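Notes to accompany the following structure.
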Amino acid sequence: LGLALSAGSLCVVSGAAFLYHDYCIIGAGPSGLQAAYFLQQAGRDYVVFERSHAPGSFFALYPRHRKLISINKRYTGKSNSEFNLRHDWNSLLSHDRRLLFRRYSRDFFPDADAMVRYLEDFAALLKLRVQYNTAIVHVTLERNGQAWNGHYFLLTDQDRQNYKCSSLLVATGTWVPNVVNFPGSEYVEGYETVSISPEDFAGQTVLILGRGNSAFETAENILGVTNFIHMVSRSRVRLSWATHYVGDLRAINNGLLDTYQLKSLDGLLEGDLEDLAIIKDKKGKLHITLRFYMENRNTSAGTDSITLPQDELDNFATRAPYDRVIRCLGWKFDFSIYNRSLRMMPGKGNKKKYPQIKPSYESRGTRGLFVLGTASHSVDFRKSAGGFIHGFRYTTRAVHRLLENRHHGVPWPSTVYPITQLTNSIIKRVNEASGLYQMFSVLADIILLRENATAFEYLEEYPVGVLAELETQTGRKAPNGLFVVIMEYGRNFSGADKDVFYYNRAVGEAQHAWQSNFLHPVIYYYKCLPTEHEMRLRPPDWPLPRPDAVHHIVEDFLTDWTAPNAHILPLRRFLENCLSTDLRNFFAESCFLFAFTRQKLPPFCRQGYVKMQGLVGNEGLRRHAVEAGLLEDYTPTDFSGDRPPDGHEGSRDQLLRDHAIPLHPLQHLVNAKDE
């Protein structure tokens, strides 16, 4: 009994040592605050841990030269808030209209300090539960069959305070600088610490390692004061306007391309940084050589005896010594705080700076651990905007909806419409939806058909990578087929080596819509939900497996897909062919005629006219319909002429002739057969 009581006390003491929450969020950057907002709106038990004294600590330091490359387009000519988010790359999603970024900066490329203020207000005004000055230093698992996912997550902070949670959301971003080690790398200055004062570089010769926006941002800052700048990286420069990837080099930073191509001393080189070596001479100048020469030199000899490439090749590109070498190689995810039990593994190839996650943003190694924000960019790396605020604000919402269904039995939000609204629903979404527009080829609207295609259920912005799991992930059923509405660029239009300004680059004819190059809507039709096997075998660069039918809405220069002939009519006919039904809208008079001439009424008449629903007609509508050829002109005959009708019978016969209902085309065939 004593042993039992002692064990029970230990359990209580052990339990008291852990502060429990259903959801723990690590990091109060944009994605962490966005997740906190959705959890708070749903009334969930959560906490956000932030190591700094304020949210968005990354933006307090980066970018070093303080100009963001995320656009802040304050005017679009439209008042639709959802549409305007397509061109607002900084705002987080919330119900509070005060928290739109355009209220914090008037600049098209805002200052990073405006982002810091914005995130502080977002957390404060929405009263998000953020625990500041709390650095999580260790995360491990505790197996427990009663837990949501079969285990709890145990977190420890810098003060050895312990926390326990059922679900862990990692929103720390990528903040550990990428460092390449080679002989002489100790002479290299990091982007995170290098001076940002141009005067410190006056009259100097500079070599920059890297070729991303941070490298070009650094070069842009000192371009006017240096002797010359060289930039070296293992890959060629990728221009965002050619790749259509916002993380590649943006025009705001590419001044060095001008000075290189116009022969103003600056230049770009390609080479593997791990093959380099740096030698510092007695005057403090830095010489570039190859690791090969360093490894084969006599170790007892001084630096003067080291062979330099120009000793063998007198026109070696980097033969001139440099005053400074700056490393601008970006950042990677911090794996150090996660215990091996979580199996948080880095990705492969160019995704090794990110943790391995599924298309649902859940860790491949641990159930219940989700990665949000920039660190989740492996799902759409170099494809879409998932590594940036204007992308991950939508993927974070998708993760929240997945969690609501999994842990709280709240199905994915949906709306049911009659089938007659199918064309209108698609047209409305492709013209307004920001999530589809920014997370092209990653998030899609799902249209679940009801039995006999009499109605449909509309789900917005679902991750297409887990389409095969739709029923379990959303709590919705898809027994009768589905449409998937997604945005795509042309298959062969984007790439570092592509000329995106060639003549005839745009498609304007609806019949050639499948050849559209610019971002445009694509509708996939499946008679049944694709399987996991089909998802794995989908063609390269296809976001989805081969459908039963597919329709491209032709690209539009104004991204306005409302043209009746070019956009709406082809879409409607595609939907009609898939569903074997008539999706046109009709006047009541036409429905009345169909009731006598057809065995089956069109859905619009069945769901509207027969149920005494529809718009009340007026003379203006009737006249418009007559002029458009949609209705017969039944204007009463004018009897004010010289010879009035003979009498009542004559009046009746005249009225019958004047108001005769034209026969249905099939009725002519019936009459001819009878004759």
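Numbers -15 to -1, 1 to 660, taken from mature numbering (1 follows the signal peptide of the UniProt record, and there is no 0), label the letters of the sequence shown in order.
No residue lacks a Cβ here, since even glycine has one placed at the ideal position from N, Cα and C.
All figures in this text were calculated on a predicted structure; none of them were measured in a lab.
If you draw a straight line from the Cα of Val310 to the Cα of His393, it is about 54 Å long. In terms of Cβ geometry, Thr380 and Met424 form a close pair [threshold 8 Å]. Tyr346 counts as buried, since at least 16 other C-beta atoms from the protein chains shown sit within 10 angstroms of its C-beta. Between Phe441 and Ile404 a beta carbon distance of about 6 Å is seen, short of the 8 Å cut, so the two are scored as contacting. Shown here, Leu452 sits in a helix according to DSSP, grouped into three states.
Between Leu428 and Ala383, the C-beta gap is smaller than 8 Å, which places the two residues in contact. Sixteen is the threshold: when 16 or more other Cβ atoms of the shown chains lie within 10 Å of the Cβ of Arg386, as they do, the residue is buried. Around the beta carbon of Phe542, fewer than 16 other beta carbons lie within 10 angstroms, which makes this residue exposed.
Under a 10 Å Cβ-count criterion, Gly493 is classified as exposed, with fewer than 16 other Cβ atoms of the shown protein chains found around its own Cβ.
The Cβ atoms of Val155 and Leu357 lie closer than 8 Å to each other. Here the C-alpha atom of Phe581 lies approximately 27 Å from the C-alpha atom of Gly605.
Glu255 is positioned such that its CB atom lies closer than 8 Å to that of Ser218.
Rounded to whole angstroms, the Cβ separation of Gly315 and Ser199 is 7 Å, and the two are in contact under 8 Å. Just measuring C-alpha positions, the residue of Arg325, Gln406, Glu456, Asn335 sitting nearest Asn390 is Glu456. For the pair Glu177 and Leu192, the Cα-to-Cα distance works out to about 16 Å. Among the bridge pairs identified by DSSP, Phe441 is matched with Tyr402, Leu434. In the displayed model, Val32 falls within a strand according to three-state DSSP.
By the CB criterion at 8 Å, Leu139 and Thr119 fall outside the cutoff.
The beta carbon of Asp98 is closer than 6 Å to none in its chain, skipping five residues each way along the sequence. Contiguous beta strand (DSSP E) elements confined to the region 199 to 268 occur at 213 to 218, 252 to 255, 261 to 265, taking only those with 3 or more residues. Taking a cut-off of 8 Å on C-beta distances, the region 141 to 156 does not touch the region 54 to 68, as fewer than three cross pairs fall below it. Beta-bridge partners assigned by DSSP to Ser369: none are found. In the DSSP assignment, the residues bridged to Leu467 are Leu433, Tyr511. Residue pairing of Gln116 in beta bridges, as defined by DSSP: Phe34.
Secondary structure at Thr190: strand, using DSSP grouped into helix, strand and coil.
Here Thr381 carries a helix assignment [DSSP, helix/strand/coil].
One Cα belongs to Ala2, the other to Leu70, and the distance between them is close to 44 Å. Looking at the backbone, the Cα of Ile11 and that of Tyr323 are separated by about 12 Å. CA-to-CA, the gap between Arg114 and Tyr31 works out to about 7 Å. Of the other Cβ atoms in all chains shown, fewer than 16 fall within 10 Å of the Cβ of Gly334; this residue is therefore exposed. Look at Trp316 here: in three-state DSSP terms it is strand.
A distance of 8 Å or more separates the beta carbons of Ala463 and Leu504. DSSP, reduced to helix, strand and coil, places His536 within a strand of the structure shown. Leu139: member of the beta strand (DSSP E) spanning 136 to 142, first to last residue.
Taking C-beta separations shorter than 7 Å and ignoring five residues to either side along the sequence, the partners of Tyr422 in its chain run Arg71, Met472, following chain order. Rounded to the nearest whole angstrom, the C-alpha separation of Ser426 and Val210 is 43 Å.
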